[in-house]
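Peer 1: Those sequence lines, one after another, are chains G and Z.
With numbering that gives the first Met the number 0 as the guide, the letters of the first sequence map in order to residues 0 to 322.
With numbering that gives the first Met the number 0 as the guide, the letters of the second sequence map in order to residues 0 to 290.
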Amino acid sequence: MTRTSSLMLLTVAVALLLAALPLVLPPFYVRVGQLMLYSAGLGVAWAILGGFAGYASFGHAAFIGVGAFSAGLVETRLGGVPPALLLPIGIVVGGACCGVLSAVIAYPLLRLRGTFFAIAMLGVSNVCAELTNNVDFFEGSLGLTFPTVVPASLDPAIFFYELFLVAGLVVLLIAWKIRDSRFGAGLLSIREDEDTARMLGVPTERYKRTAFVISAILTGIMGVIYGHSLGYITTDSVYRNDTNLNLIVYSLLGGMGTLFGPVIGAFLLVFITQVILGRLLDFHLFATGLLLAFLVLAAPGGVIGLVRGWRQRRKRTGAVPAE
Amino acid sequence: MNLIAQTLADGMVLGGIYALAAVGFSLIFGVLHVINLSHGILVLIGAYLALIFTELLHVDPLLTMPLVMAALFGVGYVYQRLLIQRAVDSSPIGSMLLTFGVALMLQNVMIWVFSPDMKNITPGWAFASFKIGAVTFDAVRVSALLASLVLLSCLAALLKFSALGRVIRATAQQTLAARLCGVNVRHVYALTFAVSAAFAGAAGIVIGIILPFSPHDEATWTLNAFVVVVLGGVGSPAGALIGGLLLGVVNTLTAQYIGPSFPNVTMFLLLVLLLLVRPNGLLGNAFSASR
Numbered sequence: 000m001t002r003t004s005s006l007m008l009l010t011v012a013v014a015l016l017l018a019a020l021p022l023v024l025p026p027f028y029v030r031v032g033q034l035m036l037y038s039a040g041l042g043v044a045w046a047i048l049g050g051f052a053g054y055a056s057f058g059h060a061a062f063i064g065v066g067a068f069s070a071g072l073v074e075t076r077l078g079g080v081p082p083a084l085l086l087p088i089g090i091v092v093g094g095a096c097c098g099v100l101s102a103v104i105a106y107p108l109l110r111l112r113g114t115f116f117a118i119a120m121l122g123v124s125n126v127c128a129e130l131t132n133n134v135d136f137f138e139g140s141l142g143l144t145f146p147t148v149v150p151a152s153l154d155p156a157i158f159f160y161e162l163f164l165v166a167g168l169v170v171l172l173i174a175w176k177i178r179d180s181r182f183g184a185g186l187l188s189i190r191e192d193e194d195t196a197r198m199l200g201v202p203t204e205r206y207k208r209t210a211f212v213i214s215a216i217l218t219g220i221m222g223v224i225y226g227h228s229l230g231y232i233t234t235d236s237v238y239r240n241d242t243n244l245n246l247i248v249y250s251l252l253g254g255m256g257t258l259f260g261p262v263i264g265a266f267l268l269v270f271i272t273q274v275i276l277g278r279l280l281d282f283h284l285f286a287t288g289l290l291l292a293f294l295v296l297a298a299p300g301g302v303i304g305l306v307r308g309w310r311q312r313r314k315r316t317g318a319v320p321a322e
Numbered sequence: 000m001n002l003i004a005q006t007l008a009d010g011m012v013l014g015g016i017y018a019l020a021a022v023g024f025s026l027i028f029g030v031l032h033v034i035n036l037s038h039g040i041l042v043l044i045g046a047y048l049a050l051i052f053t054e055l056l057h058v059d060p061l062l063t064m065p066l067v068m069a070a071l072f073g074v075g076y077v078y079q080r081l082l083i084q085r086a087v088d089s090s091p092i093g094s095m096l097l098t099f100g101v102a103l104m105l106q107n108v109m110i111w112v113f114s115p116d117m118k119n120i121t122p123g124w125a126f127a128s129f130k131i132g133a134v135t136f137d138a139v140r141v142s143a144l145l146a147s148l149v150l151l152s153c154l155a156a157l158l159k160f161s162a163l164g165r166v167i168r169a170t171a172q173q174t175l176a177a178r179l180c181g182v183n184v185r186h187v188y189a190l191t192f193a194v195s196a197a198f199a200g201a202a203g204i205v206i207g208i209i210l211p212f213s214p215h216d217e218a219t220w221t222l223n224a225f226v227v228v229v230l231g232g233v234g235s236p237a238g239a240l241i242g243g244l245l246l247g248v249v250n251t252l253t254a255q256y257i258g259p260s261f262p263n264v265t266m267f268l269l270l271v272l273l274l275l276v277r278p279n280g281l282l283g284n285a286f287s288a289s290r
């Protein structure tokens, strides 16, 4: 069996296991699970641009916010539509708005590189948040209540848990397809050396823009579901600067530029902050900062990097007869 | 007419302070090519140290400046040698995230030590003001501006005329060549960081006497510094001054004519516009290869 297909089987097995978990977990852990799956989906969506192409965005919360608010504003105006249709409509609207926004800002922003791009995205996120908060039409400062979409027979916590699981898997599969395609190879070449890639005939501009738009749409869709799971959102609950940061930390913790890195990173970080440090709210900033500094200095490859290094060392020592 | 003159004057005064708060950030960016996201924390440490010294020694906050600058000079040197140096040669994102991690930790420590409440070190003469023509100036703001201008000139002179300044500029222009000529690059990096931290501390005092401050402000000052540097150009006090004045004027004009809740929108639109049409900043790069 090839490596890819065994990985695929493993993913399916883990996904089935995760899908069955809420039946046995206590409610608090179902909520933590929601957050893990949501974060993992966001992390992978971020990594399509930030990990594969190396354009680390510091402002992806912009798309969470735009997705959630555009979907909410449309849904609250659709009085007569059956609740089962509302969520799909919201997802289409949220995804479309993020797609259009990202396609427009891609032209100026993707001309910037490295830290300049990162900070410009932070600017985009702040500007979107400020507009949502101050333009009355968006209702950002008052808050926006989503219509109920959960069927009455289901527990909302479990419903959203499964929804995040499905959405996260879709994002993961899309990222997987992208990485194994010609497009994905092009993105990796942009990360390694953009000028050389361009010289060798990789359409870097088009690839970067496409990756940016895909990443934004997927992030927006996660945002729509997140908005529904909260039920009521204000500007501050979706445009969060700690989300902006955490999306980078997920990849850094799991392994920058890898497919499963953001998933591992998101699971670990949510577990650390919500379960281990759940009672120590005062300590969160310090712990995140310490983790960040430690990762940069000691383990720039993240968990996957550590495992790979360990495997290589074992192979090398295994090849030479030890006795 | 009066209103616009007053708005412009207020913007210039504010801009001088932005410039002082950004000049250290700009220096580190120009010499080490590191985006120091803990810069705002250094500014706040300056403000809190001034608070402590003012209460201990019962003097005017501006007089604590030498002490605060000396303390932060030492802190900056050690911080660079122990932490930043290890990340200088990795990717730019790496050193940026390292400084961000440090900023988060120090912000948390500040909240523990000083509480999350607003503090201020506004001196007794803060409410005096005077008029030139029809434009009113607050004495405290004008003295803050004067302090900024004096300090910026000192830094410019230091960089231009002193032996240390020459070495710093040489390292910024061609690190390898400087090393070949016998410059101890690590030491110069650390000294640059120390000078920059000292100026951040001085900026903290100047900010402290005109505005209340709390540990949550650090991100504002880091972002302001970044915007000022992108507007003005990397690595020179003159660039920081131009960028700071521009930012100050834009801020007050926006607050006056568009609405007090939109300064970030105009600031970042201006930033993105400038990154597009003139990525090197208005004064160009004082030092080459800063990206």
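Just so it is clear, CB atoms sit at the ideal spot from N, CA and C, and this is done for glycine as well.
What separation, rounded to the nearest whole angstrom, lies between the Cα atoms of Asp9/Z and Gly122/G?
Peer 2: What you label residue 9/Z is simply residue 10 of the second sequence in a count that begins at 1. What you label residue 122/G is simply residue 123 of the first sequence in a count that begins at 1. Each residue's alpha carbon lies about 25 angstroms from the other.
Peer 1: Which partner residues does Ile131/Z have in the DSSP bridge list?
Peer 2: Residue 131/Z sits at position 132 when you count from the first residue of the second sequence. Its beta-bridge partners are Val134/Z.
Peer 1: At which residue ranges does the segment 236 to 285 of chain G contain complete beta strand (DSSP E) runs of 3 or more residues, listed in the order of the chain?
Peer 2: none
Peer 1: Looking only at its chain, what residues have a beta carbon closer than 6 angstroms to the beta carbon of Ala381/G, apart from the 5 residues adjacent to it on each side?
Peer 2: There is no way to answer for residue 381/G, as the model of chain G reaches only from 0 to 322.
Peer 1: Which word fits Ala189/Z, buried or exposed, when buried means at least 16 other C-beta atoms lie within 10 angstroms of its C-beta?
Peer 2: Working through the second sequence from its first residue, we reach residue 189/Z at position 190. Answer is buried; the Cβ neighbour count reaches 16.
Peer 1: Label Val205/Z either buried or exposed according to how many other C-beta atoms from any shown protein chain fall within 10 Å of its C-beta, with 16 as the threshold for buried.
Peer 2: Position 206 of the second sequence holds residue 205/Z. By the 10 Å Cβ count, Val205/Z comes out buried.
Peer 1: Below 8 angstroms between beta carbons: does that hold for Gly50/G and Met255/G?
Peer 2: Locating residue 50/G in the first sequence gives position 51, where the first residue counts as 1. Locating residue 255/G in the first sequence gives position 256, where the first residue counts as 1. Cβ atoms of Gly50/G and Met255/G: closer than 8 angstroms.
Peer 1: Between Leu246/Z and Gly14/Z, which are expected to be in contact by the criterion C-beta below 8 angstroms, what is the C-beta distance as a whole number of angstroms?
Peer 2: Locating residue 246/Z in the second sequence gives position 247, counting from the first residue. Locating residue 14/Z in the second sequence gives position 15, counting from the first residue. Right, the Cβ-Cβ distance comes to about 6 angstroms (below 8 angstroms), so this counts as a contact.
Peer 1: Excluding the 5 residues preceding and the 5 following Leu148/Z in the sequence, name in chain order all residues of the same chain whose CB lies nearer than 7 angstroms to its CB.
Peer 2: For the purposes of this step, residue 148/Z is taken as residue 149 along the second sequence, with counting starting at 1. The residues are Gly15.
Peer 1: Just the Cα atoms here: how many angstroms apart are Ser260/Z and Leu210/Z?
Peer 2: The residue you call residue 260/Z lines up with position 261 of the second sequence. The residue you call residue 210/Z lines up with position 211 of the second sequence. Ser260/Z and Leu210/Z: Cα-Cα distance of roughly 18 angstroms.
Peer 1: Sorted by chain position, which residues of the same chain lie with C-beta nearer than 6 angstroms to His72/Z's C-beta, five sequence neighbours on each side aside?
Peer 2: Stepping through the second sequence from its first residue, residue 72/Z is reached at position 73. Reading the sequence as shown, one finds Phe at residue 72/Z and not His. So the list reads Ala193 and Ala197, once near-sequence residues are dropped.
Peer 1: Let me check understanding here. Comparing Cα to Cα, which of Ala102/G, Leu84/G and Leu141/G lies closest to Pro150/G?
Peer 2: Indexing the first sequence from 1 puts residue 150/G at position 151. Selection Ala102/G, Leu84/G and Leu141/G evaluated against Pro150/G yields Leu84/G as nearest (Cα-Cα).
Peer 1: Is it the case that the segment 45 to 53 of chain Z contacts the segment 111 to 131 of chain Z, given that we only count it when at least three CB pairs across the two stretches are under 8 angstroms?
Peer 2: yes
Peer 1: For Ser349/G, which residues in the same chain have their Cβ closer than 6 angstroms to its Cβ, ignoring the five residues on either side in sequence?
Peer 2: Residue 349/G lies beyond the stretch modelled for chain G, which goes from 0 to 322, so this question has no answer here.
Peer 1: Using the three-state DSSP reduction, which class does Ser289/Z fall into: helix, strand or coil?
Peer 2: Residue mapping note: residue 289/Z aligns to position 290 of the second sequence, counting from 1. With a pLDDT of 38 at Ser289/Z, under the threshold of 50, the predicted position of this residue should be treated as unreliable, though the coordinate-derived value follows. Of the three classes helix, strand and coil, the one that applies to Ser289/Z here is coil, per DSSP.
Peer 1: By a C-beta neighbour count over all protein chains shown, 10 Å radius and 16 as the cutoff for buried, is Tyr249/G buried or exposed?
Peer 2: Looking up residue 249/G in the first sequence gives position 250. Classification for Tyr249/G: buried.
Peer 1: State the DSSP-derived secondary structure class of Ala12/G, mapped to helix, strand or coil.
Peer 2: Here the question's residue 12/G lines up with position 13 in the first sequence. Helix, per DSSP.
Peer 1: Going by the beta-carbon positions, is the gap between Val141/Z and Val12/Z smaller than 8 angstroms?
Peer 2: Position 142 of the second sequence, counting from 1, holds the residue named residue 141/Z. Position 13 of the second sequence, counting from 1, holds the residue named residue 12/Z. Their beta carbons are under 8 angstroms apart, which means Val141/Z touches Val12/Z by this criterion.
Peer 1: Residue range of the alpha helix (DSSP H) that Cys180/Z falls in?
Peer 2: Locating residue 180/Z in the second sequence gives position 181, where the first residue counts as 1. That residue, Cys180/Z, is in no alpha helix (DSSP H); it is neither H nor E in DSSP.
Peer 1: Could you tell me which residues DSSP puts in a beta bridge with Leu143/G?
Peer 2: Position 144 of the first sequence holds residue 143/G. According to DSSP, which records beta bridges pairwise, Leu143/G is partnered with Ile232/G.
Peer 1: Look at the Cβ atom of Gln33/G, then the Cβ atom of Phe163/G, and state whether they are nearer than 8 angstroms.
Peer 2: Within the first sequence, the letter at position 34 stands for residue 33/G. Within the first sequence, the letter at position 164 stands for residue 163/G. Cβ distance < 8 angstroms, so Gln33/G and Phe163/G count as in contact.
Peer 1: What three-state label does DSSP hand Phe212/Z in the structure shown?
Peer 2: On the second sequence, residue 212/Z is found 213 positions in, with the first residue counted as 1. Correct three-state label for Phe212/Z: strand.
Peer 1: Enumerate in chain order the residues of its own chain whose CB-to-CB distance from Leu36/G is below 6 angstroms, with the five nearest sequence positions on each side excluded.
Peer 2: For the purposes of this step, residue 36/G is identified with residue 37 of the first sequence, where counting begins at 1. Counting only Cβ-Cβ distances below 6 angstroms, and skipping sequence neighbours, we find Phe163, Leu164 and Gly167.
Peer 1: Count the other C-beta atoms from every protein chain shown that fall within 10 angstroms of the C-beta of Val126/G, then say buried if there are 16 or more, exposed otherwise.
Peer 2: To locate residue 126/G, count along the first sequence from 1; it is residue 127. It is buried - the Cβ of Val126/G has at least 16 other Cβ atoms within 10 Å.
Peer 1: Could you check whether Leu36/Z and Thr253/Z sit closer than 8 angstroms to each other, using their CB atoms as the reference points?
Peer 2: Here the question's residue 253/Z lines up with position 254 in the second sequence. Here the question's residue 36/Z lines up with position 37 in the second sequence. 8 angstroms or more divides the Cβ of Thr253/Z from the Cβ of Leu36/Z.
Peer 1: From the beta carbon of Arg85/Z, is the nearest beta carbon of chain G less than 8 angstroms away?
Peer 2: Here the question's residue 85/Z lines up with position 86 in the second sequence. Yes, contact with chain G.
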